[in-house]
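2 protein chains.
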Amino acid sequence: MQSKPTTIKEIAKILNISPSSVSRGLHDHPSIGAVTREKIKQLAKSLNYEPNNTAILFQKGKTYTIGVILPELSEHFFSTAISAIEDELLKKNYTVIFAQSHDSYEQEVRLVEKMKNQRVDGLLVSISKDTSKFDHFEKLSSFNIPVVFFDRIPPFKNVHYVACSIENATIKAVNFLLKKGHRTIAMINGPTTLFASNERKDGYMQAITFNRLKYDPSLIINCDLTEQGTIDAANQFINHKRKPTAIVAFNDYVALFLIKYLKKLNVIQDFDLVSYANLPIISYIDNSPIASVEQYPYLQGQKAANILLDLINAPKAENQAYYNTIVESDLVINEEK
Amino acid sequence: MQSKPTTIKEIAKILNISPSSVSRGLHDHPSIGAVTREKIKQLAKSLNYEPNNTAILFQKGKTYTIGVILPELSEHFFSTAISAIEDELLKKNYTVIFAQSHDSYEQEVRLVEKMKNQRVDGLLVSISKDTSKFDHFEKLSSFNIPVVFFDRIPPFKNVHYVACSIENATIKAVNFLLKKGHRTIAMINGPTTLFASNERKDGYMQAITFNRLKYDPSLIINCDLTEQGTIDAANQFINHKRKPTAIVAFNDYVALFLIKYLKKLNVIQDFDLVSYANLPIISYIDNSPIASVEQYPYLQGQKAANILLDLINAPKAENQAYYNTIVESDLVINEEK
DNA sequence: TTGGTCTAATCAAACGTTTGCGTGGTTTTT
DNA sequence: AAAAACCACGCAAACGTTTGATTAGACCAA
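Heads up: the protein sequence lines correspond to chains A and B, in order. Quick note: my numbering has the first sequence finishing at residue 452, numbered continuously throughout. Quick note: my numbering has the second sequence finishing at residue 452, numbered continuously throughout.
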């Protein structure tokens, strides 16, 4: 009933030829005659022969497997990105294995170790919030396992990465608000420890100074991204001597908290909001942000996957230059308003 | 620089013992003396020895790899479920590979084939919308690859599965609305071809008849789950001679379309909505459903993963009985209202 | 002394596939 | 007719690890 899978050896024995000939026949090697080749293929098909992958991988010392490590799969951004990665790698007959760091540095270190033991051909990583040391990735290069970071990338250039320029995006966002006539624009930013916070701040300042406006540091509040933190920030803006007319929210979650609170106070009409896209359906909400920074997770995933394939298949000598790919972000204007 | 990984053989040569002793030493086999064992372990550590997984898998004929096939990873339900699966299987040192059918039957067939060639130890599957034939799964049993279906399951009992009883959930939902005083309850259902549609209908009817109310077939409309389809259904209800006061939406997407349209017509206040949870943030929306059927994707994923492990590790003879696990769904009342 | 039990290790096969090299036999070239 | 070229295939090693069978030596009992 539960037949052991057919092997090349068995085919060889039946046909009274050597296993190597069978292997070559199945691979259309020129040194196998057409007649024999067809006999091999026919028998293989009729016996339901399936190459034993573990044997091939072992023999070749390659796994055709790509590891993906990301913080949280149930975040829409990441599930979309890995969806792209899987689509892209499947085309090239690679297999994807993945794991979640759950934003823990220790877990990330463990996972990198595990992926290395699994002998992945390459790694795609979006780093955890907790990660500030990167030794665990450096070890990989000595094993010749290329790594491409995406979206959440380390703060230096000598790695391969794909990311969105949040700075540029923020410039676009603030410019958009300025063009709409806003002159006092506030920002609910994340913790100063986050690279992403600095990018937002830099973009904000660039837009403000480029437009010859005065930069008021009290209009940028660093919060912990919780609901209470958002409420505290909102209160500061509402009571600000220069009460802002527009607020840039760190992300859609913050925007949600903000909308909820401003509605409760019945002052939502006093503000135009802009946010960074996390939630696909945010535009369905009443008083939703009038614009969103789209970071193209699918595109980022695609590009990262293809870069990794390049690295895997490149001659070793060429691995000198680093891919630093920036995916341009767009400001998506919410038509509903 | 790029050192080839250390092998057991090398360790053996350095220590002047046989590879088998090294292997046994590393595995604490009793027939290796404590002194030798420690020498082996020390040297292994200092040489950064990592077992070559592909070799082990090949040798053991097991891959310690579980395949997961699901329709669409970027759907919140599925990303949560696979997140649970990964968490659960990582604990047991299994590796997860996954692929998306994108709701295509042909793709699903290809993927099952691919997973089989990858020699996965088992398969977790949520079937595609297009799938009505199941031969591709039956083939797996002859290769002794167990399959556990979750959420989207085939319409028969002689398979292993984990799912939520949408029927029970619907009974709860309708009962909830009845208790709130509603007497005319409508339902926007999916296409009749979908198993999920029948479950909803059955649940609806059971609740109605159990409460000795008259069942009015015109209050259940089968739609194609598009925005236009939802609008058409809504129009029928609005113009219905017995205009309903509550509507059960097929899912959150339909609910979103519905809310949008009813708001536009300014009749949203005339209806109480209930939906089935797909979108985590739906409750943040104004006029959101007053209750949602929670289907516990994380729990379903966990259970499916554990059942699969049971099947993999069970003695062959015991594989007779089928796991048919129903995860109870809950009606989550939206407090905001 | 013979036989038995234990300990600590070795030997060799096995898993399935790929691949460099070798080798008869036939055909072509000079 | 000898040399060269080519065709179609076989041989055997290799990839790294595990494991059943075996062994050499030490110790003990009768």
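Ideal Cβ placement from N, Cα and C applies to all residues, glycine included.
Exercise. What residues in the stretch 202-215 of chain A bring their beta carbon closer than 8 Å to a beta carbon of chain B?
Worked result: Against chain B - using a Cβ distance shorter than 8 Å - the residues of the stretch 202-215 of chain A are Asp202, Leu205, Thr210, Val211, Ile212, Phe213, Ala214, Gln215.
Exercise. For histidine 89 (chain B) versus phenylalanine 264 (chain B), is the C-beta spacing smaller than 8 Å?
Worked result: The structure shown does not extend to residue 89 (chain B), since chain B is modelled only from 116 to 452, so the question has no answer here.
Exercise. Using 8 Å as the limit for Cβ to Cβ distance, is serine 198 (chain A) near chain B?
Worked result: Interface flag for serine 198 (chain A) against chain B is set, since a Cβ pair is found closer than 8 Å.
Exercise. In angstroms, rounded to a whole number, what distance separates the CA positions of isoleucine 260 (chain A) and threonine 246 (chain A)?
Worked result: Straight through space, the alpha carbons of threonine 246 (chain A) and isoleucine 260 (chain A) are spaced by roughly 20 Å.
Exercise. Shorter than 8 Å from the beta carbon of glutamine 233 (chain B) to some beta carbon of chain A?
Worked result: Among the CB atoms of chain A, one or more fall inside 8 Å of the CB of glutamine 233 (chain B).
For this session: Give, in chain order, every residue of the stretch 395-413 of chain B whose Cβ lies closer than 7 Å to some Cβ of chain A.
Result: Residues of the stretch 395-413 of chain B with a Cβ closer than 7 Å to any Cβ of chain A, in chain order: Ile396, Tyr399, Ile400, Asp401.
For this session: Mind listing the chain B neighbours of lysine 375 (chain A)? Cutoff is C-beta to C-beta under 8 Å, in chain order.
Result: The answer, in chain order, is Tyr399.
Exercise. Taking just the CA atoms, how far does alanine 361 (chain B) sit from histidine 297 (chain B)?
Worked result: A direct Cα-to-Cα measurement between histidine 297 (chain B) and alanine 361 (chain B) gives close to 7 Å.
For this session: Indicate the three-state DSSP secondary structure (helix, strand or coil) for phenylalanine 291 (chain B) in the structure shown.
Result: Reduced to three states, the DSSP call for phenylalanine 291 (chain B) is helix.
Exercise. In three-state DSSP terms, what is tyrosine 376 (chain B)?
Worked result: In the structure shown, tyrosine 376 (chain B) adopts helical secondary structure according to DSSP, grouped into three states.
Problem set entry | Best match in B:Asn167, B:Glu443, B:Ala127 for proximity to proline 120 (chain B) [C-alpha to C-alpha] | With respect to the C-alpha of proline 120 (chain B), the residue from B:Asn167, B:Glu443, B:Ala127 having the closest C-alpha is B:Asn167.
Problem set entry | isoleucine 353 (chain B) and asparagine 304 (chain B) closer than 8 Å at C-beta | For isoleucine 353 (chain B) and asparagine 304 (chain B), no; Cβs fall outside 8 Å.
Exercise. In chain order, what residues of the stretch 151-169 of chain A put their CB closer than 8 Å to some CB of chain B?
Worked result: Only Glu165, Pro166, Asn167, Asn168, Thr169 from the stretch 151-169 of chain A bring a Cβ to less than 8 Å from some Cβ of chain B.
Exercise. Applying a beta-carbon distance threshold of less than 9 Å, which residues of chain B neighbour threonine 178 (chain A)?
Worked result: Chain-ordered, the chain B residues with CB closer than 9 Å to the CB of threonine 178 (chain A) read Asn168, Thr169.
Exercise. By a C-beta neighbour count over all protein chains shown, 10 Å radius and 16 as the cutoff for buried, is tyrosine 319 (chain A) buried or exposed?
Worked result: Answer is buried; the Cβ neighbour count reaches 16.
Problem set entry | Residues near asparagine 290 (chain A) by beta carbon distance below 6 Å, same chain, minus five either side | Taken in chain order, the residues that qualify are Ala322.
For this session: Would you check if there are 3 or more beta carbon pairs closer than 8 Å linking the stretch 169-183 of chain B to the stretch 382-391 of chain B?
Result: In short, these stretches do not touch, since the Cβ pair count stays below three.
Problem set entry | CB contact below 8 Å: serine 219 (chain B) versus chain A | False, the Cβ-Cβ gap to chain A never drops below 8 Å.
Exercise. What in chain A is Cβ-close to threonine 459 (chain B), meaning under 7 Å?
Worked result: Only positions 116 to 452 of chain B appear in this structure, which leaves residue 459 (chain B) out of reach.
Exercise. What residues are listed by DSSP as bridge partners for aspartate 236 (chain A)?
Worked result: In DSSP, aspartate 236 (chain A) forms no bridge with anything.
Exercise. Among residues of its own chain, excluding the 5 on either side of glutamine 222 (chain B), which ones have a beta-carbon nearer than 7 Å to its beta-carbon?
Worked result: Counting only Cβ-Cβ distances below 7 Å, and skipping sequence neighbours, we find Ser216.
For this session: Give the residues of chain B in contact with leucine 371 (chain A), contact being defined as C-beta atoms less than 9 Å apart.
Result: Ile396, Tyr399, listed in chain order.
For this session: List the residues of chain B whose Cβ lies closer than 9 Å to the Cβ of proline 120 (chain A), in chain order.
Result: Residues of chain B passing the Cβ test: Arg234, Phe258.
Problem set entry | Below-8 Å beta-carbon distance, leucine 446 (chain B) vs any chain A residue | Interface residue (Cβ-Cβ distance to chain A less than 8 Å): leucine 446 (chain B) is not classified as such.
Exercise. Would you report the Cα separation of proline 145 (chain A) and arginine 139 (chain A), rounded to the nearest angstrom?
Worked result: If I take the Cα positions, the gap works out to 8 Å.
Exercise. Counting along the chain, where does the beta strand (DSSP E) carrying leucine 185 (chain A) start and finish?
Worked result: Here the beta strand (DSSP E) through leucine 185 (chain A) covers 180-185.
For this session: Taking only runs that begin and end inside the stretch 236-315 of chain B, name each unbroken alpha helix (DSSP H) of 4 or more residues, in chain order.
Result: Runs found: 250-257, 281-294.
Exercise. Of the choices B:Ile383, B:Lys206, B:Thr324, whose alpha-carbon is the least far from that of alanine 349 (chain B)?
Worked result: In terms of Cα proximity to alanine 349 (chain B), the closest of B:Ile383, B:Lys206, B:Thr324 is B:Ile383.
Problem set entry | Within chain B, partners of phenylalanine 173 (chain A) - CB distance below 7 Å | Within chain B, the residues near phenylalanine 173 (chain A) are Thr169, Ala170, Phe173.
Problem set entry | Separation of asparagine 232 (chain A) from arginine 225 (chain A), as counted between CA atoms | Computed Cα separation, rounded: 11 Å.
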